[in-house]
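Q: Protein chains in written order, with this note's numbering: chain A, 239 to 914; chain B, 7 to 300; chain C, 16 to 329.
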Amino acid sequence: MTKLLDVKNLNVDFRTPLGRVHALRDINFSITKGKIVGIVGESGSGKSTVIWTITQLLAQNAIIKSGTANFNGMDLLKADKDTIRGIRGEKISMVFQDPMTSQAPVLTYGEQMNDIMYRKNKLSRQEKREKAIAMMRRVGIPDPESRIDQYPHQFSGGMRQRAGIAMSMLVEPSLLIADEPTTALDVTMEAQIIHLIRELQKETDTTIMVVSHNLGLIAELCDEVIIMYAGEILESGKIQEIYSNPSHPYTQALLACDPARENKKTRTLSVIPGDIPDLHVKPKGCVFVSRCELAVQNCHIERPKNHQISSSNHFAKCHLLDPKSTQAQTPTNPKKVTKTKVNSERFSHKDEIHLLNVKNIQVRFPIMTKLKAKLKGINKPYVDAVFNASLTLERGETLGLVGESGSGKTTLGRAILGLVRAKSGSVEYNGLDLCQLTSREFKPLRRNMSMMFQDPIGSLSPRQTVRSLMIEPFKIHGIDKNFDEEAKRLCDTVRLPENFLSRYPHELSGGQARRVGVARALALNPEFIIADEPTAGLDVSVQGEILNLMNDLQDEHGIAYLVISHNLPVVRHISDKLAIMYLGRLIETGDSAKIFDKPAHPYTEALVNGIPQPDPKKRRKLLSIEGEIPSLTNRPPGCEFHTRCKYVQKKCKFDPPSIKTLSDGREVLCHFPLEI
Amino acid sequence: MKIQKKKTKPSLPDIILPEKLVLFLRNPMGVLGLTLVLLIIISAVFAPLFATHNPFTMDIANRLAGPSFDNFLGTDQLGRDTYTRVLYGGRVALQVAAIGVSVSLVVGLTLGMIAGYGPLWLDNMLLLLFDAIRSFPTIVLALAAVALLGPSLSLVMTIVIITSIPGYARLARTSTLSIKNTEFILAEQSLGASMKRVLAIHIMPNVIGPLLILAAMDVPVVVTIEAGLSFLGLGVQPPTASWGTILNEGYLIIRTTPWIVIAGGIPLILTTLGFTFLGESLRDVFDPRLRKGK
Amino acid sequence: MWSYLLKRILLSVLIVFLAILALFITLHSIPGDPISIALGPRATPEIQAEYAARMHLDKPLYHQFVIFIGNVIKGDLGNDLFSNRSVLLILSEQLPYTIVLAITAIGWSALIGIPLGCLSAVKPNSLLDKITGIVSVGTIAIPSFLVSIWAILIFSVGLKWLPVIGAGEPGDFGDQIYHLILPAFAVGLGWVGYLARMVRASMLEVMSENYIRSANAFGLKSRTIIFRYALKVAILPTITLIGVGFGALLSGTVFAEIIFSRPGIGKIIYNMVLARNFPVIQGAVLITIGMYVIVTLIADLIVSWLDPRVRDTL
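1. Assuming A/Val596 contacts A/Leu629 (C-beta within less than 8 Å), just tell me the rounded distance between them.
2. Do the stretch 850–860 of chain A and the stretch 445–458 of chain A meet, that is, are 3 or more Cβ pairs less than 8 Å apart?
3. Would you kindly work out how many angstroms separate the C-alpha atoms of B/Ile322 and A/Ser283, rounded to a whole number?
4. Counting only beta-carbon separations shorter than 8 Å, does B/Gly198 have a partner in chain A?
5. Which residue from A/Asp336, A/Asp902, A/Val448 puts its Cα closest to that of A/Glu826?
6. DSSP three-state call for A/Val580: helix, strand or coil?
7. If you draw a straight line from the alpha carbon of A/Ile289 to that of A/Leu434, how long is it in whole angstroms?
8. Mind pulling the chain C residues with CB within less than 8 Å of A/Glu328?
9. Taking C-beta to C-beta, are C/Ser135 and C/Leu143 nearer than 8 Å?
10. Is B/Asp137 close to chain C? Criterion is C-beta to C-beta, closer than 8 Å.
11. Give the list of continuous alpha helix (DSSP H) stretches no shorter than 4 residues that lie fully inside the stretch 512–552 of chain A.
12. Taking 8 Å as the threshold (C-beta atoms), are C/Ser151 and C/Gly208 in contact?
13. Would a check of beta-carbon distances place A/Gly696 closer than 8 Å to chain B?
14. Using the three-state DSSP reduction, which class does A/Ile767 fall into: helix, strand or coil?
15. Please confirm if C/Lys145 has its CB atom under 8 Å from at least one CB of chain A.
16. Report all residues from its chain with a CB closer than 6 Å to the CB of B/Ser6; omit the five preceding and five following residues, and keep chain order.
17. Rounded to a whole number of angstroms, what is the C-alpha to C-alpha distance between A/Val754 and A/Pro569?
18. Comparing alpha-carbon positions, which option in C/Tyr66, C/Gly85, C/His78, C/Pro158 lies nearest B/Ile275?
19. Could you work out which residues of chain C lie near A/Pro343, taking near to mean beta carbons separated by less than 8 Å?
20. Tell me which residues share the same chain as B/Gly85 and place their Cβ nearer than 6 Å to its Cβ, disregarding the 5 neighbours each side in the sequence.
21. Find the nearest neighbour of C/Ser171 within the set B/Thr262, B/Ile231, B/Thr58, judged by alpha-carbon distance.
22. Is there at least one Cβ from chain B nearer than 8 Å to A/Asp693's Cβ?
23. Just checking: is the beta-carbon of B/Arg32 within a distance shorter than 8 Å of some beta-carbon in chain C?
24. To the nearest angstrom, report how far apart B/Lys11 and A/Thr287 are at their CA atoms.
25. Given a cut-off of 8 Å on the beta-carbon distance, is the pair A/Ile379 and A/Met397 in contact?
26. Helix, strand or coil for A/Leu258 per DSSP?
27. Give the residues of chain C in contact with A/Leu242, contact being defined as C-beta atoms less than 8 Å apart.
28. According to DSSP, what are the bridge partners of A/Gln600?
29. Give a yes or no on whether the C-beta atoms belonging to A/Leu791 and A/Leu760 are separated by under 8 Å.
30. Can you pull the chain A residues whose beta carbon is under 9 Å from the beta carbon of B/Asn212, in chain order?
31. Per the DSSP calculation, C/Ser159 is bridged to which residue(s)?
32. Can you list, in chain order, the residues of its chain whose CB lies under 7 Å from that of C/Gly186, leaving out five sequence neighbours each side?
33. Which of the three DSSP states is assigned to A/His433 in this structure?
34. Mind the definition here: the stretch 866–876 of chain A touches the stretch 633–647 of chain A only if three or more C-beta pairs lie below 8 Å; say whether that holds.
35. Thinking just about the alpha-carbon of each residue, which of C/Leu312, C/Asn292, C/Ile304, C/Phe200 is nearest to the one in C/Gln63?
36. Say whether chain B places a C-beta atom closer than 8 Å to the C-beta of A/Met397.
Next up, the structure:
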């Protein structure tokens with residue numbers, strides 16, 4: 239078992255206008271040849287900094303204070319510019335997070351791949367091209383002979399990432415570093431990429447280092463895992479050990495927060511309260527102490543040592559593992575009282591009138607003027623973002639609207655609120671058809687229905703203080719109230735400290751900005767809130783805060799939610815009902831638990847199976863789904879999912895399915911729904 | 007929770023926070039720019055106070071004198087004090103700048119916002135209009151206009167305004183378009199805000215910032231155009247002093263004395279430097295994202 | 016690619032059309048008798064009559080416009096008021112001088128400015144960068160006509176190295192170059208700074224993009240990255256800017272022609288303005304519009320050739 243990479247005592251600082259940030263402290267780890275090692279961390283953990291340090295790609299203001307990174311006998315940190323450039327081209331290769339921005343836009347893939355292979359002097363240009371084509375085929379890009387001469391913008395996201403992997407494997411590296419390789423991709427594409435990486439590793443025996451915040455991804459791929467927090471390594475070891483026997487309080491808490499691990503539907507999710515400590519200051523004791531429920535006195539004053547747990551390579555840096563150092567000490571951090579709701583049936587009004595009754599909504603967007611379409615020879619210069627969508631929502635209920643990119647879920651949400659005009663169909667709110675109203679008639683209804691937006695900071699006017707943002711709803715509707723009181727009340731409701739009232743949006747963190755969004759949505763006591771990706775961009779340890787808040791408000795005020803999300807584990811926990819969208823159509827709707835348990839539509843099955851399980855024991859052997867989401871301008875005939883369906887039959891290819899109602903009340907858009 | 011390693015400031019706050027002022031003052035270029043600008047404005051506005059002579063008084067005996075204690079920058083071919091004429095020339099420049107820039111700004115802002123926020127066909131039409139105007143080189147337009155209507159200062163002003171508007175309009179349009187599609191406008195609409203409210207309270211204040219900075223950078227352009235046109239005899243007419251006319255007179259007698267062309271040119275350079283520095287520092291302080299080297 | 020080309024050409028034609036329309040409307044909306052406005056007060060009655068007949072001034076306005084356009088397309092821009100020579104002929108004699116000056120000016124300034132900007136971006140805050148910065152600001156600060164005047168002051172009057180007047184003897188290439196130096200220098204100087212700054216800012220922005228980091232991570236040579244990956248993208252806005260800035264270039268050229276008494280479109284317009292020789296002026300305006308549109312078209316085409324993303328839009 240040779241060590242390919244051995245990092246010792248790595249300490250990295252950043253010079254910033256506000257002082258030095260101690261980004262990495264005492265980093266020690268090693269990677270064995272042929273293994274896949276994962277580095278798990280949330281934002282601010284320093285996991286990406288580690289990669290940039292090893293490859294000497296740090297920003298100008300970084301200072302490597304100490305440490306060695308031994309790679310095959312050479313210290314990477316001390317290598318000179320030419321040597322490290324050579325290593326990067328031949329021995330160490332990278333796959334990047336965002337395929338949309340990490341590939342040069344003005345060169346074809348063929349040209350870029352040729353450039354990458356420039357050191358292979360023995361190969362002729364033609365041979366290099368053939369090698370590149372073979373690699374593209376290997377990663378699953380169809381028709382590589384012609385696609386190699388295309389530009390990145392002509393590839394879809396998933397294909398671009400495949401091309402990125404192809405480029406990184408071309409040089410046959412000893413070490414492949416993958417930085418959040420699937421974060422920018424849809425669930426079904428993520429599953430395919432995971433499968434691809436696993437296969438490539440088996441074939442080439444490349445050593446891989448994966449950096450991610452996604453516990454599921456790590457569990458699916460890695461043999462060993464390193465847990466990082468605020469610039470330090472808190473725990474490391476074999477994947478089975480860590481996931482089944484996490485020893486560090488942070489690891490335990492982190493795993494507990496992941497909704498994909500929770501099998502029981504609990505409705506409230508665990509969170510790790512607090513924030514990452516300010517890294518301008520070197521921590522005196524344990525770096526996790528401010529957020530640790532189990533912290534004792536010693537944790538505040540003494541730096542914990544690395545303790546070995548069990549005979550395997552399982553280490554964790556915690557005082558509590560050393561009984562001597564924590565003798566007779568009591569927890570210092572008050573335990574948070576969490577209200578746990580277990581499986582209670584949601585009390586929902588079974589009124590005669592649905593709160594929300596959406597019928598056959600169609601939203602059409604023109605994509606070019608008719609003239610341009612004629613010039614380009616395109617028959618239909620429009621896309622139907624939402625097609626024939628119907629759903630119902632009752633008072634006090636939560637409906638999860640799920641879909642991947644291009645499914646139309648955000649558009650549907652906006653159409654319901656009248657922010658986007660529907661071409662046909664009706665949206666009945668308490669029996670009143672919103673689509674027939676003028677904007678003046680609609681306005682008073684907006685008090686009852688509001689929206690929480692996906693981009694927390696972007697949805698707040700940058701020139702207004704939090705206070706003025708919160709009272710704006712009152713101003714718009716001409717309600718005269720004591721604004722100061724209202725602002726304070728709203729702050730309390732969303733658990734935001736009052737001194738935030740004078741801040742501007744750019745001074746808030748993502749989570750704080752989201753809460754302002756919630757406050758604005760709540761200001762006028764609505765009955766119905768649409769939450770568009772409420773947890774996007776939030777770390778796993780804090781996404782529960784928003785969700786629990788929404789849940790509490792629902793209990794107190796009976797608010798109904800339409801939650802739009804692509805994050806299935808989250809949706810599973812908070813929704814009563816579920817509606818799945820594909821290419822603008824609702825392909826399955828019904829009770830949430832039942833759908834997750836036994837999906838009826840093949841696409842739903844693929845989605846549910848596609849979720850990376852944060853449990854190494856549950857690794858999926860088979861690929862859940864092939865292919866890519868078709869373009870909205872080029873809808874497949876018949877059942878639009880037939881191009882990717884495992885169970886496709888002849889009828890599916892030309893006969894569009896109609897909605898079938900199943901025995902448990904679900905509605906499915908499929909010729910041959912699965913057994914439930 | 008995320009640590010914010012970098013503070014990003016999206017746009018202007020309602021009032022100039024002291025923190026921005028401090029940032030501005032830390033920039034030596036900005037301070038220099040501000041100083042120059044103030045110098046020029048004050049010397050122009052208070053020209054009579056600073057002048058040593060009357061700009062029209064001729065003193066033939068003393069013509070073409072070099073710099074001296076009496077005449078800081080010497081005298082021209084009619085014996086008029088160059089220094090005084092330069093000061094008064096500043097008045098013309100500032101007048102053209104003030105009126106020209108403010109009118110262009112207002113019209114450009116309005117048209118740009120309409121183009122950005124309104125229906126697509128209107129946007130396309132306005133864009134075409136802007137492009138058509140931009141296709142006229144200013145000088146050619148000016149020459150043609152003078153040929154038709156005769157030279158005058160107001161003509162120069164009009165031409166300057168017409169050719170400046172597309173610049174402001176384009177910028178306003180781009181800003182409006184980018185804001186229109188952000189979520190916060192959508193959020194305002196979801197709360198029920200009317201279009202008037204959205205435009206006035208939310209879009210305009212965010213759009214006007216870059217325009218004001220463009221205005222600062224545009225002043226030297228405008229002043230230069232006036233000077234150039236007056237130099238060619240198409241704008242301000244003698245005996246009024248304008249930096250352009252001074253240069254014209256100096257050019258005709260360039261072989262006799264260099265002082266007049268030097269005297270006429272220096273204020274132009276100072277104006278350009280001053281406003282450019284000022285504009286760039288303002289841009290760096292208020293919106294570093296605009297720093298795309300336009 | 017071809018559809019893009021077609022669309023761009025159509026757009027350009029539309030712009031020219033609009034400009035001519037604007038010209039036409041202006042001529043006809045100024046109070047007064049359209050004949051004297053079009054021809055000026057110095058036209059003789061014969062010329063006026065001929066104009067009235069040719070333009071069919073008795074016919075409705077849109078018809079006149081159609082005739083106007085038709086004439087333009089045929090190349091009939093009218094005749095010089097005094098010599099009665101074809102305007103087109105007069106202008107085509109002058110045009111080459113202007114083009115030569117403009118191209119030389121932008122040529123040398125690009126040859127110096129773009130590499131300077133590129134080098135400054137590659138080594139930011141170095142001595143070279145700081146010097147380039149100062150030089151850039153310095154050259155931008157001086158308006159081009161002022162550069163002309165002072166250049167004459169220094170190099171012709173003071174040092175007596177270079178000539179002031181004219182374009183040199185026709186046929187004598189060396190003499191023509193000799194006369195070209197100062198005007199080309201004067202017109203191009205401001206552009207050096209402008210281009211250097213533009214390229215520098217553009218390059219800095221591109222160098223901070225993710226795909227440059229990827230290229231570095233793949234171990235590509237610095238030189239490859241700078242030229243094939245960074246500069247190729249960074250140069251695009253600069254090219255567009257040169258295209259759009261052609262108007263400014265032309266203005267500078269006009270000034271230079273007047274100050275240096277060089278033949279060219281600018282000089283001709285200037286002389287004709289004083290003489291109020293309207294047909295020539297009108298023709299010159301049309302030609303400059305045409306040139307501008309062609310130049311921006313070429314710039315856009317170059318950009319689309321270099322940047323494949325542009326081809327798929329529009």
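Beta carbons are placed, not taken as given, at the ideal position from N, Cα and C, and that holds for glycine. Here the structure is a predicted model, which means the values were calculated and not measured.
A: To lay it out plainly:
1. 5 Å
2. yes
3. As displayed, chain B neither begins before 7 nor continues past 300, which places residue 322 of chain B out of reach and without an answer.
4. yes
5. A/Asp902
6. With a pLDDT of only 41 at A/Val580, under 50, the local geometry of the prediction cannot be trusted, and the value read off the model is given with reservation. Three-state result, A/Val580: coil.
7. 22 Å
8. Gly234
9. yes
10. yes
11. 535–539
12. yes
13. yes
14. strand
15. no
16. Since the first and last residues shown for chain B are 7 and 300, residue 6 of chain B lies out of range.
17. 33 Å
18. C/Pro158
19. Tyr226, Val248, Asp322, Pro323, Arg324
20. Met64, Asp65, Ile66, Asn68, Arg69
21. B/Thr262
22. yes
23. no
24. Here the model assigns B/Lys11 a pLDDT of 35, short of 50, so the residue's position is not dependable and the matter cannot be decided.
25. yes
26. The sequence shown places Arg at residue 258 of chain A, rather than the Leu named in the question. Three-state result, A/Arg258: strand.
27. Per Cβ cutoff of 8 Å: no residues; A/Leu242 is ~18 Å from chain C at best.
28. A/Ser662
29. yes
30. Ser699, Pro700, Arg701
31. DSSP lists no partner for C/Ser159.
32. none
33. helix
34. yes
35. C/Asn292
36. no
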